[in-house]
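This is the structure we're talking about:
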């Protein structure tokens, strides 16, 4: 059931109109530019994602980049029509620039921008830490470990996180309390390889 949760817009489009969207990569059906652009990170190639949501953001971004291929007067419809040229100009502008500096620069213009993060980036990110996204749990076999928490708040608080059970951790409860098996029956299942 995970895929429908991530594709709710596409599911509604199919149910209401009978249309199926083609893959768009990092693009958006309406917004442009809306993509990821290669830049430099401290020790490897990096990527920055940005989304221009309205014409004023576009005017600021186009003026700031100063590339002849970008017309600051383009409205949303014109930007969608010119998306390949816009992507090429922004890619040329971003290439070779430092990721953190690029994100700060874009955000100072009011453009939604973020570094594209891998797991290490998420683990070390000060903002993610400040938001309490990493939490400690006591795992039955691994001990005290840090795991990524839920990204949303419920009634103003982050949900209580519990570790995933270890393989076979609740066998006694399931076999005896739910299935009503005796200790001998449980041992027979374990010895035959049916149960862990």
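Residue numbers (the numbering used here): 28 to 223. Glycine included, each C-beta is placed from N, C-alpha and C at the ideal position.
Which of the three DSSP states is assigned to residue 186 in this structure? Mapped onto the chain shown, residue 186 falls at position 159. Residue 186 falls in the coil class under three-state DSSP.
Residue from 122, 82 and 91 with nearest C-alpha to residue 105: Against the chain shown, residue 105 aligns to sequence position 78. Measuring from the Cα of residue 105, the nearest candidate turns out to be 82.
For residue 84, does the count of other Cβ atoms within 10 angstroms reach 16, so buried, or fall short, so exposed? Mapped onto the chain shown, residue 84 falls at position 57. By the neighbour-count rule (16 or more Cβ atoms within 10 Å), residue 84 is buried.
Use the C-beta contact count for residue 243: other C-beta atoms within 10 angstroms, 16 or more gives buried, fewer gives exposed. Coverage of the chain is limited to positions 28 through 223, which leaves residue 243 absent and any answer about it impossible.
Helix, strand or coil: how does DSSP classify residue 162 here? Along the chain shown, one-based indexing puts residue 162 at 135. The answer is strand: DSSP assigns residue 162 an E or B state.
So the candidates are 74, 135, 159 and 59; which of them puts its Cα closest to the Cα of residue 111? As a position in the chain shown, residue 111 is number 84, starting the count at 1. Per the Cα distances, 59.
Going by Cα to Cα distance, which pick from 119, 155, 108 and 175 is closest to residue 94? Position 67 of the chain shown, counted from the start, is the residue given in the question as residue 94. Per the Cα distances, 119.
Inspect the beta-carbon positions of residue 149 and residue 140 and report whether they are closer than 9 angstroms. Within the chain shown, residue 149 is the residue found at index 122, counting from 1. Within the chain shown, residue 140 is the residue found at index 113, counting from 1. Going by C-beta atoms, residue 149 is not nearer than 9 angstroms to residue 140.
Give me the Cα-Cα distance between residue 63 and residue 138, rounded to the nearest whole angstrom. For the purposes of this step, residue 63 is taken as the residue at position 36 of the chain shown. For the purposes of this step, residue 138 is taken as the residue at position 111 of the chain shown. In a straight line, the C-alpha of residue 63 is about 13 angstroms away from that of residue 138.
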